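J.:
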Amino acid sequence: MDALYTAFHQLLAQTSPYPLALDVVGAEGCHIHTRDGRRYLDLVAGLAVNNTGHRHPRVVQAIKDQVDRYLHVIPYGEFIQEPQVRFAERLTAVLPVGLDNVYFVNSGTEANEAALKLAKRITGRTGLVACHRSYHGSTHGSLSITGNEAKKYRNRPLLPDVRFITFNDPADIVQIDRHTAAVVVEPVQGDAGIRVPDTGWMQALRARCTEVGALLVFDEVQTGMGRTGKLFAFEHSGVVPDILVLGKALGGGLPIGAFVASRQHMRLLTHDPVLGHITTFGGHPLPCVAGLAALEVTLEEGLAENAARMGERFKRSLDHSGIKEVRGQGLMIAVELDDAELVQRVVKDLLEHGVLGFWFLSCPTAFRVAPPLTISADLVDHATSAIRAALDRITP
Ligand code: PLP
């Protein structure tokens with residue numbers, strides 16, 4: 207065991223007893239390099255973060271340029287910081303009318319927390335509706351609307367007044383009523399093992415929310431920024447939320463989250479009481495310039511379109527008797543196997559052969575395929591033949 211490995215285990219809080227513990231020394235495009243000289247094809251992208259690939263030159267340059275100007279100057283909201291303004295400008299330009307005001311925070315879970323607070327202010331109601339098997343983050347509010355009891359039970363009491371409906375089940379929509387402030391939904395469920403809803407269900411959700419005056423909140427922390435083959439997953443159904451929550455890939459590899467709503471709604475955070483949501487580092491200039499560069503790259507290099515094409519290529523090539531199902535949209539894919547133990551063995555075997563896959567929080571029988579959206583056809587073919595070869599070695 208080398209000293210770094212020992213210190214990693216002794217000094218850093220661990221999130222599980224079995225970290226992968228790859229010792230990273232570099233990352234470029236679709237690959238991660240480790241100290242032992244190995245190179246891994248990254249099918250995880252930092253968990254749907256590195257959509258433009260690791261260290262895209264334009265993102266790196268934008269960060270370097272900003273480092274030479276200024277870093278943190280004051281908590282969010284006080285000073286005019288051009289990186290925030292320019293990023294909000296570009297982001298709202300690609301969003302529908304009504305999603306025209308951006309609040310930058312630090313992470314996906316914080317963006318969800320703030321979205322819940324905003325929804326309560328707008329509606330004057332307290333009821334929250336979310337989906338079984340959802341994941342919205344690890345802080346108390348987001349955990350309250352997360353539909354995974356295994357992650358929740360040690361943390362109670364959580365927020366009261368939360369109801370769960372079944373994702374993609376039209377019959378459950380009646381549970382949304384005049385007591386409901388917000389309905390929070392992932393437009394494609396991620397950690398449930400990639401579940402794509404029917405357009406009809408999304409439309410019915412929208413209609414019911416409008417009917418009873420509840421706000422529709424789309425958590426696009428994982429699906430956003432091109433991952434599903436469109437810039438935002440809600441574009442697949444054309445259903446527009448009242449509040450859009452973003453994170454992960456939003457910062458081009460740097461940490462940032464955001465919630466987007468109408469200016470009229472967002473103004474409610476400024477009074478009664480003032481400072482309705484505050485954050486010291488939210489909208490830090492570095493992730494804002496990185497995020498703006500990443501968004502421009504995504505649009506100019508057609509990365510959402512590439513995600514759609516490469517996603518189809520993955521699905522076509524993942525043909526093996528050991529695979530029960532391949533689900534997904536764009537480059538947000540789950541490969542379902544017979545059982546959880548098999549998944550562990552395949553992910554481990556892939557790692558030994560230089561391909562990094564990963565699991566899901568709420569779906570132990572599948573592993574995820576979510577590479578950078580820059581991935582080429584050659585690398586997709588390399589990945590799919592590696593997966594088929596792993597299954598040949600492992601499945602009977
Ligand atoms: N919402 C969704 C849909 C997510 O997938 C995640 C993280 O995986 C989060 C929220 C939480 O984001 P963060 O880890 O940045 O707090």
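Residue numbering for the sequence shown follows this note's numbering, starting at 207 and increasing by one per position.
Note that the Cβ used here is the ideal one computed from N, Cα and C, for glycine as well.
Being a predicted model, the structure only gives us computed values, none of them experimental.
So what's residue 467 in DSSP terms, helix, strand or just coil?
T.: Of the three classes helix, strand and coil, the one that applies to residue 467 here is strand, per DSSP.
J.: Since residue 597 and residue 528 are thought to touch, with beta carbons under 8 Å apart, how far apart are those beta carbons, to the nearest angstrom?
T.: Correct: roughly 4 Å between the Cβ atoms.
J.: Between the C-alpha atoms of residue 504 and residue 601, what's the straight-line distance to the nearest angstrom?
T.: If I take the Cα positions, the gap works out to 38 Å.
J.: Does the beta-carbon of residue 427, which I'm using as the reference point, lie nearer than 6 Å to any heavy atom of ligand 1?
T.: Yes, ligand 1 has a heavy atom inside 6 Å of this Cβ.
J.: Checking the sheet assignment: what are the DSSP bridge partners for residue 535?
T.: DSSP, once it has assigned bridges, lists 538 as partnering residue 535.
J.: Assuming residue 467 and residue 579 make a contact with CB atoms under 8 Å, what is their CB distance in whole Å?
T.: With 8 Å as the limit, residue 467 and residue 579 do not qualify as a contact, their Cβ atoms being about 26 Å apart.
J.: Quick test of your reading: residue 285 and residue 494, contact by CB under 8 Å. State the CB separation rounded to the nearest angstrom.
T.: Between residue 494 and residue 285 the Cβ distance is about 13 Å, and since that is not below 8 Å, they are no contact.
J.: What is the rounded straight-line gap between the Cα of residue 300 and the Cα of residue 210?
T.: The straight-line gap from Cα to Cα measures roughly 44 Å.
J.: Following the continuous beta strand (DSSP E) through residue 573, name the residue where it begins and the one where it ends.
T.: Element bounds for residue 573: 572-575.
J.: Taking the continuous alpha helix (DSSP H) assigned at residue 319, which residues delimit it?
T.: Unbroken alpha helix (DSSP H) run through residue 319: 314-329.
J.: What are the boundary residues of the alpha helix (DSSP H) that includes residue 452?
T.: Counting along the chain, residue 452 falls outside any alpha helix (DSSP H), though it belongs to the beta strand (DSSP E) covering 449-452.
J.: Would the C-beta of residue 568 count as close to ligand 2, meaning under 6 Å from any of its heavy atoms?
T.: The model on display carries ligand 1 but not ligand 2.
J.: In this structure, what does DSSP give as the bridge partners for residue 246?
T.: Its beta-bridge partners are 238.
J.: Let me know the secondary structure DSSP gives residue 267 once reduced to three states.
T.: Residue 267 falls in the helix class under three-state DSSP.
J.: Pop quiz: residue 394 and residue 439 are said to be a contact at Cβ under 8 Å. What is the actual Cβ separation, rounded to whole angstroms?
T.: Confirmed, Cβ separation roughly 5 Å.
J.: Quick one: is the Cβ of residue 319 within less than 6 Å of any heavy atom of ligand 1?
T.: No, Cβ of residue 319 sits at least 6 Å from all heavy atoms of ligand 1.
J.: For residue 361, count the other beta carbons within 10 Å of its own beta carbon; 16 or more makes it buried, fewer makes it exposed. Which is it?
T.: By the 10 Å Cβ count, residue 361 comes out exposed.
J.: Report all residues from its chain with a CB closer than 7 Å to the CB of residue 524; omit the five preceding and five following residues, and keep chain order.
T.: Within the same chain, residue 524 has close Cβ partners 532, 541, 590, 593.
J.: If I'm right that residue 576 touches residue 250 with Cβ under 8 Å, what's the distance once you round it to whole angstroms?
T.: Right, their Cβ atoms sit about 6 Å apart.
J.: Within this structure, are the beta carbons of residue 216 and residue 491 separated by less than 7 Å?
T.: Cβ atoms of residue 216 and residue 491: not closer than 7 Å.
J.: What does the alpha-carbon distance come out to for the pair residue 502 and residue 457?
T.: When rounded, the distance between both Cα atoms is 12 Å.
J.: Flag residue 313 as yes when its Cβ comes closer than 6 Å to any non-hydrogen atom of ligand 1, and as no otherwise.
T.: Checking every heavy atom of ligand 1 against the Cβ of residue 313, one is found closer than 6 Å.
J.: Three or more C-beta pairs under 8 Å: does that hold for the segment 420-437 against the segment 384-401?
T.: Counting Cβ pairs under 8 Å, three or more are found: they touch.
J.: Any heavy atom of ligand 1 within a distance shorter than 6 Å of the CB on residue 342?
T.: Residue 342: yes, Cβ under 6 Å from ligand 1.
J.: How many whole angstroms separate the CB atoms of residue 368 and residue 334, which I take to be in contact at a CB cut-off of 8 Å?
T.: Contact holds; Cβ gap of about 5 Å.
J.: How long is the line joining the alpha carbons of residue 263 and residue 478, rounded to whole angstroms?
T.: Approximately 45 Å, taken between the alpha carbons.
J.: What's the call for residue 455, buried or exposed, on a 16-neighbour Cβ count within 10 Å?
T.: Residue 455 is buried by the Cβ-count criterion.
J.: Let me know if residue 272 comes out buried or exposed under the rule of 16 or more other beta-carbons within 10 Å of its beta-carbon.
T.: So residue 272 counts as buried.
J.: Per DSSP, residue 371 is paired with what?
T.: Residue 371 pairs with 337.
J.: Suppose contacts are defined by Cβ-Cβ distances below 7 Å. Is residue 411 in contact with residue 448 by that definition?
T.: Contact flag unset, no.
J.: Count the CB pairs spanning the segment 319-327 and the segment 547-556 that are closer than 8 Å, and state whether there are at least three.
T.: The answer is no - the segment 547-556 does not touch the segment 319-327, with fewer than three Cβ pairs under 8 Å.
J.: Taking the alpha carbon of residue 314 as the point to measure from, which residue in 391, 464, 235 has its own alpha carbon closest?
T.: The shortest Cα separation from residue 314 among 391, 464, 235 belongs to 464.
J.: In whole angstroms, what separates the C-alpha of residue 649 from that of residue 330?
T.: With the chain covering 207 to 602 only, the question about residue 649 has no answer from this structure.
J.: Sorted by chain position, which residues of the same chain lie with C-beta nearer than 7 Å to residue 488's C-beta, five sequence neighbours on each side aside?
T.: These residues qualify, in order along the chain: 282, 310, 311, 312.
J.: If you draw a straight line from the alpha carbon of residue 255 to that of residue 433, how long is it in whole angstroms?
T.: Approximately 9 Å, taken between the alpha carbons.
J.: Below 6 Å, is the gap between the Cβ of residue 453 and the nearest heavy atom of ligand 1?
T.: It does: the Cβ of residue 453 is within 6 Å (strictly closer) of some heavy atom of ligand 1.
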